[in-house]
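**Student:**
Numbering (this note's numbering), first residue to last: 126 to 478.
1. Taking residue 334 as the reference, which of 232, 415 and 391 has the closest Cα?
2. To test your reading of the DSSP string, which unbroken alpha helix (DSSP H) runs of 4 or more residues are found completely within the region 383-457?
3. Pull up the distance between the alpha-carbon of residue 459 and that of residue 141, whole angstroms please.
4. Cα separation between residue 245 and residue 281?
5. Using the three-state DSSP reduction, which class does residue 130 fall into: helix, strand or coil?
6. If you draw a straight line from the alpha carbon of residue 413 to that of residue 301, how long is it in whole angstroms?
7. What residue range does the beta strand (DSSP E) around residue 466 cover?
8. Check for me: the beta strand (DSSP E) holding residue 189 runs from which residue to which?
9. Return the CA-CA distance between residue 173 and residue 469, expressed in angstroms with no decimal places.
10. Does the Cβ of residue 346 have 16 or more other Cβ atoms within 10 Å, making it buried, or fewer, making it exposed?
11. Rank 171, 138, 185 and 169 by C-alpha distance to the C-alpha of residue 158 and give the top, closest one.
12. Measure from the alpha carbon of residue 425 to the alpha carbon of each residue in 337, 441, 193 and 249, then state which is nearest.
13. Let me make sure I understand the geometry here. Which of 366, 439, 324 and 351 has the alpha-carbon closest to that of residue 132?
14. Output the boundary residues of the alpha helix (DSSP H) element that contains residue 274.
15. When you compare only the Cα positions, how much space is there between residue 199 and residue 417?
16. When DSSP labels each residue in this structure, what does residue 258 get in the three-state scheme?
17. Quick one: complete alpha helix (DSSP H) runs, 4+ long, within the region 280-337?
18. Quick one: residues in its chain with C-beta nearer than 6 Å to the C-beta of residue 265, no 5 flanking neighbours on either side, listed in chain order?
19. By DSSP's criteria, residue 223 is part of a beta bridge. Which residues make up the other side?
20. For residue 404 versus residue 379, is the C-beta distance shorter than 7 Å?
21. Terminal residues of the continuous beta strand (DSSP E) containing residue 263?
22. With three or more C-beta pairs closer than 8 Å as the rule, is the region 283-293 touching the region 149-158?
23. For residue 161, count the other beta carbons within 10 Å of its own beta carbon; 16 or more makes it buried, fewer makes it exposed. Which is it?
24. If I follow the unbroken beta strand (DSSP E) through residue 165, where does it start and stop?
25. Since residue 173 is in the alpha helix (DSSP H), which residue starts that stretch and which ends it?
26. Going by beta-carbon coordinates alone, are residue 325 and residue 361 separated by less than 7 Å?
27. Counting pairs of beta carbons, one from the region 367-377 and one from the region 441-450, are three or more of them closer than 8 Å?
28. The beta strand (DSSP E) spanning residue 139 covers which residue range?
29. CB-CB under 6 Å to residue 207, same chain, minus the five flanking residues each way: which ones, in chain order?
30. Report the residue from 201, 243 and 236 whose alpha carbon sits nearest the alpha carbon of residue 227.
31. Since residue 218 sits in a beta bridge, which residues does DSSP pair it with?
32. Any chance the CB of residue 278 is under 6 Å from a heavy atom of the ligand MG?
33. My output table needs one value for residue 380: the three-state DSSP class, helix, strand or coil.
34. Residue 344 by DSSP, collapsed to three states: which one?
35. Beta carbon of residue 295, beta carbon of residue 397: below 7 Å?
36. Whole angstroms are fine: how far does the CA of residue 374 sit from the CA of residue 323?
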């Protein structure tokens, strides 16, 4: 019998206060006999959160706090060098997606367990085996070890901008179009399709899309229950990627369009907002119900028109045409349809007349 070994987070805790957050992490540190830890943080308000957590956790063990400037390969190296010198038994990343990706990759390169403490939930990087890192003008998608623990300070996530939470919804819903793209590649004999990973990814997306779409008729409030469901969905996305061994279950043509927007127009919006526009285009090409999705986007505050993220229709046409170049080895509906400029213009005009 063939058994596949995968990693999943061993700990998932939600905290309604700082004390609960600190107690949750402290409990797990004690259970695992961690004696030396390193907290990694960005600057700004998240640094104060990290310092407070550091002060609390260091009462019972040795710790260090490292504040990093940016998301870059150079910063990842700085973290790895610091970890080599300090030799922590655990790295705790605190903040948004960019700093968590740096901490995750640095921990992975150093072969040190990693805990994720997201202060906002803008994309699935809070608990995925992938880190998105800037390297000059390039954006790299690199494999990393999945977090051993995810500790969510609900009291902070609820205070984060509604845009960041909406962005997390956009990234989660991309699983729907990504799985279909994966099926297309499998039908062409270009990739192996993993049913289990696909089921997990689809279930993750539908935990939000189906559950709330069935009864919502007005703007959806980001209640504590909604945020918990969103986090659980994003974590399941990470598990789906871990099962498949890559980002296929959660990244398809819609992400290619977002990457093209990044490359051509310098990332004008949040990742999940750009992906949302990509989802509408992908659903249109796949024959999916893009109008139903568009309605749901309006309920959760995601953009339903390119102008909402500062793009003209002409610019979006450019992005659609450029998108296949962003990841040429990944077959999607864009490659199947062999989209040229005339077709891209027609698609964009049909979606946004």
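Ideal Cβ positions, reconstructed from N, Cα and C, are used throughout, including at glycine.
The structure presented is a predicted model; accordingly, all values stated were derived computationally and were not measured.
**Tutor:** The short version:
1. 415
2. 396-411, 415-425 and 438-447
3. 43 Å
4. 7 Å
5. coil
6. 10 Å
7. Here residue 466 belongs to no beta strand (DSSP E); instead the alpha helix (DSSP H) covers 466-476.
8. 187-192
9. 46 Å
10. exposed
11. 185
12. 337
13. 366
14. Residue 274 -> not in any alpha helix (DSSP H); beta strand (DSSP E) instead, spanning 274-278.
15. 43 Å
16. strand
17. 287-312
18. 258
19. For residue 223, which the question treats as bridged, DSSP gives no partner whatsoever.
20. yes
21. 263-268
22. no
23. exposed
24. 161-166
25. 170-182
26. yes
27. no
28. 136-140
29. 191
30. 201
31. 165 and 241
32. For the ligand MG, the structure offers nothing, since it holds no ligand at all.
33. helix
34. coil
35. yes
36. 6 Å
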